[in-house]
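Let me begin by presenting the structure, written as structure tokens, before commenting on it.
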Amino acid sequence: MTDETWMETELAQLRAQGLERQLQVMPDAGGVLMLDGRRVLNFSSNDYLGLARAPAVLEAAAAALRCWGAGATASRLVVGTLPCHAELETRLAQFKGYAAALVFGSGYLANVGAVSALVGRHDRVLADKLAHASLLDGATLSRAAIHRFQHNDVDHLLRLLRQKPASARDLIITESVFSMDGDLAPLRDIARVAQEQGAMLLVDEAHATGVWGPGGTGLIGELRLQQAVSVAMGTLSKALGAYGGFIAGSETLKRWLVNRARPFIFSTGLPPPCVGAVLGALDVLKKNPGMGADLLRRADAFRQRLQASGFNTGSSVSQIVPVIIGDNQKMLAFARRLRDHGILAAAIRPPTVPAGTARLRLSVTLEHTCEDLNRAAEILTNTAREECLL
Ligand SMILES: Cc1ncc(COP(=O)(O)O)c(C=O)c1O
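Numbering of the sequence shown is given in this note's numbering, commencing with residue 6 and proceeding in unit increments.
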């Protein structure tokens, strides 16, 4: 038995700061749950369109399971590329408006794989200050120099781009809809400076895919920036309701990643039921192209109610609505009280968000009715007043 005292000591320090995280087994998934015998509104799920258990998606997953089995049995480059993988990549490329797409084991792996394949030790990564951990982990793995620009600050980005050593390649990384703030990147401006300065641009559309843009194609699609954004990342695990991630881009980019993205090369292909589920989700979206717009309207009304009560929702304009509290302990106490009142919301603390900005992250989904959202806004307001937060 190894000595684990150091772990206990450090865990106690985390606990004292209100930062120790613990796993919690949920009885069920979905926007509305039964918890301890009562109806609870779940605002922590990223299943924005409620597709994870939609009958058409389940049927497509089951059909793929019956046809191709539970697992891909090997890495994609060995014998793990099945017809369903090829079909999904063709569909994702069309959906996003790119020539090609490559599916990875998860969104995390897609980011780690793409970033670490595109730059090396003599290159630079210019990352938005709030870029997701998976993008930064890819940058660390690449051994490129990492420069962070202030959140959504294109002038700062431009100043950094102008300092490029002649021999280096630059890769700009940002999200289109930010995961913890629900705000949008100034994509047009970022794409313009990327083109002017000859930098590659990777945009993470984890929270935009399925929700933003025509038919849920994402913010790149909404702004028609496919030519200017060379690398478009998306996940299959949020609005598309299943699991996996992908990169969309040119045929050349795809061939490069197939040869150089280590999480793609050294890991088993995505299980066929996941592939089938996503094909089913894309069919649902094709038949119902207004789902994302409907969700954004509901989220907008909800955010306005919260703002009218005096909550700080930051610069959110999307289906992700933060309620910024600041102090870790106060925020944890608030989240506990809300749970007692039938509202489940993720308590997000540093290091996921900057120190002093602990928040509830509320994800609005199509499983929440307008009545659910009105009720939730009322409970949040009353509970915050009781806790002296408003
Ligand atoms: C912005 C962003 N990128 C990437 C990921 C990783 O995606 P996945 O959960 O599919 O691994 C997430 C998920 O937390 C995310 O929020």
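Glycine residues also receive a C-beta, built at the ideal position from the N, C-alpha and C atoms.
Check for me: the alpha helix (DSSP H) holding residue i runs from which residue to which?
i           : result
residue 119 : 112 to 123
residue 310 : 296 to 314
residue 379 : 375 to 391
residue 143 : 138 to 147
residue 14  : 10 to 21
residue 60  : 60 to 73
residue 88  : 88 to 101
residue 223 : Segment: none, residue 223 is in no alpha helix (DSSP H) and carries neither H nor E.
residue 166 : 159 to 166
For residue i, which beta-bridge partners are listed by DSSP?
i           : result
residue 47  : 349
residue 289 : For residue 289, which the question treats as bridged, DSSP gives no partner whatsoever.
residue 206 : 177
residue 343 : Bridge partners of residue 343: none, in fact.
residue 39  : 44
residue 132 : 153 and 178
residue 189 : 182
residue 80  : 273
Output the boundary residues of the beta strand (DSSP E) element that contains residue i.
i           : result
residue 52  : Unbroken run through residue 52: none, as it is neither H nor E.
residue 152 : 150 to 154
residue 327 : 325 to 331
residue 240 : 236 to 240
residue 179 : 175 to 180
residue 366 : 363 to 368
residue 106 : 105 to 109
residue 251 : 250 to 254
Using only alpha-carbon positions, find the residue among the options that is nearest to residue i.
i           : options               : result
residue 362 : 334, 246, 384 and 345 : 334
residue 180 : 174, 201, 141 and 171 : 141
residue 202 : 208, 212 and 175      : 175
residue 378 : 61, 352, 56 and 324   : 324
residue 200 : 221, 214 and 177      : 177
residue 31  : 50, 19 and 15         : 50
residue 336 : 305, 382, 389 and 288 : 389
residue 247 : 122, 64 and 48        : 64
residue 29  : 349, 394, 391 and 392 : 349
residue 54  : 104, 151, 220 and 9   : 220
residue 135 : 172, 182 and 114      : 182
residue 44  : 358, 357, 353 and 343 : 343
residue 187 : 156, 89, 339 and 258  : 156
residue 375 : 252, 316, 346 and 302 : 302
residue 205 : 321, 254 and 386      : 254
residue 354 : 24, 19, 321 and 147   : 24
residue 272 : 39, 95 and 78         : 78
Report task. Would you be able to state if there are at least three C-beta pairs under 8 Å between the segment 189 to 196 and the segment 218 to 233? Result -> yes
Query raised in the report: Hey, is the segment 354 to 374 in contact with the segment 316 to 335, meaning 3+ C-beta pairs nearer than 8 Å?
Result: yes
Query raised in the report: Between the segment 104 to 113 and the segment 236 to 243, do at least 3 Cβ pairs fall closer than 8 Å?
Result: yes
Query raised in the report: Are the segment 276 to 291 and the segment 304 to 322 touching by the rule of at least three beta carbon pairs closer than 8 Å?
Result: no
Query raised in the report: Are three or more beta carbon pairs between the segment 141 to 150 and the segment 114 to 129 nearer than 8 Å?
Result: yes
Query raised in the report: So, do the segment 69 to 77 and the segment 260 to 269 have three or more beta carbon pairs nearer to each other than 8 Å?
Result: no
**Report entry** Any 3 or more C-beta pairs closer than 8 Å across the segment 158 to 175 and the segment 90 to 104
**Finding:** no
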